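Residue numbers (full-length UniProt numbering), protein chains in the order written: chain A, 1 to 467; chain B, 1 to 371. Below is one structure, written out as structure tokens; comments come after it.
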Amino acid sequence: MAQHLKSSKSTFLNVLRHSLAFGSPSHASRHLRQKLPHGGPPSIKKVSPNPLTRLCNTMVDTLSSSHEDTNSQVMDFPGGKVSFTPEIHFISESNEERVPCYRVLDDNGQQLPNSQFVPVSKEIAVKMYSDMVTLQMMDNIFYEAQRQGRLSFYATAYGEEAINIASAAALSPDDVIFPQYREPGVLLWRGFTLQEFANQCFGNKSDYGKGRQMPVHYGSNKLNYFTVSATIATQLPNAVGAAYSLKMDGKDACAVTFFGDGGSSEGDFHAAMNFAAVMEAPVLFICRNNGWAISTPTSDQFRSDGVVVKGRAYGIRSIRVDGNDALAMYSAVHEAREMAIREHRPILIEALTYRVGHHSTSDDSTRYRSADEIEWWNKARNPLSRFRTWVESNGWWSDEAESDLRSRIKKEMLEAIRVAEKTEKPNLNHMFSDVYDVPPLNLREQELLVRQAIKSHPQDYPSDVPL
Amino acid sequence: MASLLGRFCRKLVVPGSAHGSRMTSTTACGSETVKSLNLYSAINQALHIALETDPRSYVFGEDVGFGGVFRCTTGLAERFGKNRVFNTPLCEQGIVGFGIGLAAMGNRAVVEIQFADYIYPAFDQIVNEAAKFRYRSGNQFNCGGLTIRAPYGAVGHGGHYHSQSPEAFFCHVPGIKVVIPRSPREAKGLLLSSIRDPNPVVFFEPKWLYRQAVEEVPEHDYMIPLSQAEVIREGSDITLVGWGAQLTVMEQACLDAEKEGISCELIDLKTLLPWDKETVEASVKKTGRLLISHEAPITGGFGAEISATILERCFLKLEAPVSRVCGLDTPFPLVFEPFYMPTKNKASSSSSLSSPSKNTHFLIHGFSRLL
């Protein structure tokens, strides 16, 4: 909007100048004077007896930009005014210094001097830490279950517990989440139970997804968490549309979408960022830059200074955060959310972290990185221990609380798995429902055919799917 | 049911117009006010009604604000405001992805892709997001409010990138619907049905007919049901199935064949996914012969699906192999367009060459050079 006003002002200015016979060359014929030194007499101020002329003079003075000297001219192109320069100068591909990373706690969990952060209450801090522990333990136990052959697949979030939990803690339950697949902690924070997680992983009849997808493809409309799809970054433009809806409905809420360093290379990332800026959508883009896209390190992913610098390319405010610092994550997301909703704008948050675990149970990451590197990140830069130190320093946690929590979670998890495992699978008719709102004729016919086939050859079909 | 209704529908040929007015089971007869409209005006009317009747509905895409390159969105931004009717950046995957997000929040998003030829960047969003949104979530979520409109088909001078008919790609995606209207009156009713259908719909508009087709279109809010084919011309010797602009061509072929004494039954499929097999099956069981025609290239075209299904269902009733008269297996050419297109000569060539008796296999040989 503002751009249009600026260019119409300049046009108006030039028209005024013409009509008052001021000496500046017209906008239209400037291109003819390229080879000549800047021509035309300086603008002449005359005090005219004619009141209309005096009015016009005043308006010209008011509208005049201040850059009409010999060395830099200002010209309008569609899109607004831009200064000229006679020097041939390419903007460097990168800044001298990398964008600094916001953190509150040092590696040992000590609060840094002069650190700015949004304070958290004891209740929130304890829940944050407990949920980080719960997430880690849930991952441990599900991962083991897969190794034992009880689950077909699993993906852990090791090393990214602070991103998961702290971001969720800084949001409101009305903020809608469009996850990638390494953010189950957001669901956990909002109240998804270990049993509910287990049901989805085992694909039993209590799975809200009705057994249709692989493990870790969670979704909950009750908790405003859109169902995971394995395709990378496809959720990003969806989040922008959802954010626009929230804005139009006047909700005090934003959309939040997660993706990895790899996801930022996808076309959908660029599409979504551009749309978010143009549509002025209240959406948070949270990039978990964990250094790896399966076996692809970030050096093979992009040549920019990470993901944070891409925000400016789209006109989006951005911040780089220490993703392993729960307080910094909390503060960054908290502030970003406020800006997004209040100012109707997208915000990009690049959370630097490290993927401690393998990409999934189908991956052995020691094949492309050293076990030492993994171990170092797990020990020296562990988000749980850093935050625990800080929570304990406030007198809000103890060894006893820790062991109580851990034994409780372990029991709950094992029970959840036991129950999920023996709960029957969803009924066969759920293969055909929900493709459309109502099954069309072709699906009704196909169901009959499948059922006939099962009747004639029951031994060829799994017996744990009720008919 | 659909086939029964089809029998009672009569096509009235109005001279000078591409398709006559007709009465369908879903429109009121007699007292409705109608207006002579072309295709883009009919679509425009449908969009006005859609936005009027649902305050949480949106229309957007490239150049939609000023009325669109085909004038389909004229007047919408002025009437409903730039928050509901707006231009988007030039990015089909963004347009559809954004639309899915809007629809996922319970809105109706009527998205425009400027030419069907440019829909492919959005194919991932359509296949992996829109089509599976409800199913993968166990019905916790859906994006049924999404409708994607795109002009498709030959326009006389469009060449590779302004003439494509990509419907076959989308008919292979469980979870979406594919709808193609043949005329202004049909377009308005089908578009309103598509917009209000609780499933994501891809709606291809025959651009050739945007100005060329003029028809009496009722002014009120009406819907034509999806997944119901219509017998628009009754006959007894051969069944012809098509959709969109191709029906005009086929109609001419039917008239020509009639002069030779061949009685043609012409069916407009309207919805390609899920498609009304019953109406086509009933017709072929009556006539014993089927000819399918579409502009899209013959190999892997949707005609193959119809052919295979009808063979399965009507094999013993068929008196000749199912025939397909389609575009060729080349990119859509410019100078060679008249040779590429499945014109009425190709459709009726063999029927006029052979004996008019319906006992001869008059469909077999004429099309072998096309297959």
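In this text, a Cβ means the ideal position worked out from N, Cα and C, and glycines have one as well. Predicted, not measured: the structure shown is a model, and the values here were computed from it.
Say whether chain B places a C-beta atom closer than 8 Å to the C-beta of residue i.
i	result
Thr227 (chain A)	yes
Gly323 (chain A)	no
Leu32 (chain A)	Caution applies to Leu32 (chain A), whose pLDDT of 43 falls short of 50 and renders its modelled position unreliable; the model cannot decide the point.
Pro466 (chain A)	no
Pro237 (chain A)	yes
Tyr244 (chain A)	yes
Gly260 (chain A)	no
Asn114 (chain A)	no
Phe153 (chain A)	no
Pro440 (chain A)	yes
Gln148 (chain A)	no
Taking the alpha-carbon positions, what's the residue i to residue j distance?
i	j	result
Cys201 (chain A)	Tyr218 (chain A)	8 Å
Tyr222 (chain B)	Asp197 (chain B)	13 Å
Pro383 (chain A)	Asn324 (chain A)	5 Å
Met128 (chain A)	Lys122 (chain A)	10 Å
Phe22 (chain A)	Lys81 (chain A)	For Phe22 (chain A), the predicted structure reports a pLDDT of 40, less than 50, and the residue's modelled location is therefore unreliable. A value from the coordinates is still provided. Their backbone Cα atoms lie some 21 Å apart in a straight line.
Ser463 (chain A)	Arg367 (chain A)	38 Å
Arg355 (chain A)	Trp292 (chain A)	7 Å
Tyr40 (chain B)	Glu447 (chain A)	41 Å
Phe66 (chain B)	Val85 (chain B)	10 Å
Phe86 (chain A)	Phe77 (chain A)	Note that residue 86 (chain A) is Pro in the sequence shown here, rather than Phe. Going from the Cα of Pro86 (chain A) to the Cα of Phe77 (chain A) covers about 17 Å.
Pro113 (chain A)	Cys101 (chain A)	15 Å
Met250 (chain B)	Lys344 (chain B)	6 Å
Asn274 (chain A)	Gly241 (chain A)	12 Å
Pro331 (chain B)	Leu209 (chain B)	22 Å
Asn44 (chain B)	Ser167 (chain A)	44 Å
Ala281 (chain A)	Gln125 (chain B)	20 Å
Ala420 (chain A)	Arg136 (chain B)	19 Å
Tyr152 (chain B)	Pro333 (chain B)	15 Å
Asn139 (chain B)	Asp434 (chain A)	6 Å
Pro166 (chain B)	Ala162 (chain A)	46 Å
Ile119 (chain B)	Leu284 (chain A)	27 Å
Asp337 (chain B)	Glu78 (chain B)	Asp is not the amino acid found at residue 337 (chain B); the sequence shown has Glu there. Rounded to whole angstroms, Glu337 (chain B) to Glu78 (chain B) spans 39 Å at the Cα level.
Gly99 (chain B)	Leu90 (chain B)	14 Å
Report the CB separation of residue i from residue j in whole angstroms; it is logged as a contact under 8 Å.
i	j	result
Ile232 (chain A)	Gly185 (chain A)	Rounded, the Cβ-Cβ distance is 19 Å, inconsistent with contact.
Gly235 (chain B)	Glu265 (chain B)	4 Å
Asp268 (chain B)	Arg182 (chain B)	5 Å
Cys314 (chain B)	Glu281 (chain B)	6 Å
What does a CB cutoff of less than 7 Å around residue i pick up in its chain, not counting 5 residues either side in sequence?
i	result
Ser385 (chain A)	Gly109
Ser307 (chain B)	Ile292, Val322, Arg324
Val127 (chain B)	Val173
Val69 (chain B)	Asp63, Gln114
Glu424 (chain A)	Asn204, Lys205, Asp464, Pro466
Pro121 (chain B)	Glu92, Gln93
Tell me which same chain residues have a C-beta within less than 8 Å of the C-beta of residue i, skipping the five on either side of it?
i	result
Glu392 (chain A)	Ser398
Leu311 (chain B)	Leu318, Val322
Cys254 (chain B)	Arg233, Gly235, Leu240, Cys264, Leu266
Comparing the C-beta of residue i with each C-beta of chain A, is any distance below 8 Å?
i	result
Ile298 (chain B)	no
Ile100 (chain B)	yes
Asn171 (chain B)	Residue identity check: residue 171 (chain B) is Cys in the sequence provided, not Asn. So, not an interface residue.
Cys326 (chain B)	no
Inspect the beta-carbon positions of residue i and residue j and report whether they are closer than 8 Å.
i	j	result
Ser172 (chain A)	Ala239 (chain A)	no
Arg190 (chain A)	Leu151 (chain A)	no
Val133 (chain A)	Ile417 (chain A)	no
Ile177 (chain A)	Tyr225 (chain A)	yes
Val179 (chain B)	Leu247 (chain B)	no
Lys270 (chain B)	Glu230 (chain B)	yes
Leu76 (chain B)	Leu51 (chain B)	yes
Leu352 (chain A)	Leu105 (chain A)	no
Val118 (chain A)	Ser331 (chain A)	yes
Arg108 (chain B)	Ile195 (chain B)	yes
Asn199 (chain B)	Tyr436 (chain A)	yes
Leu135 (chain A)	Leu188 (chain A)	yes
Near residue i, what residues of its chain come up, given a Cβ to Cβ distance below 6 Å and the 5 sequence neighbours on each side ignored?
i	result
Thr234 (chain A)	Asp268
Ser365 (chain A)	His358
Asp175 (chain A)	Ala253, Cys254, Val256
Met75 (chain A)	none
Arg211 (chain B)	Asn38
Thr33 (chain B)	Glu219
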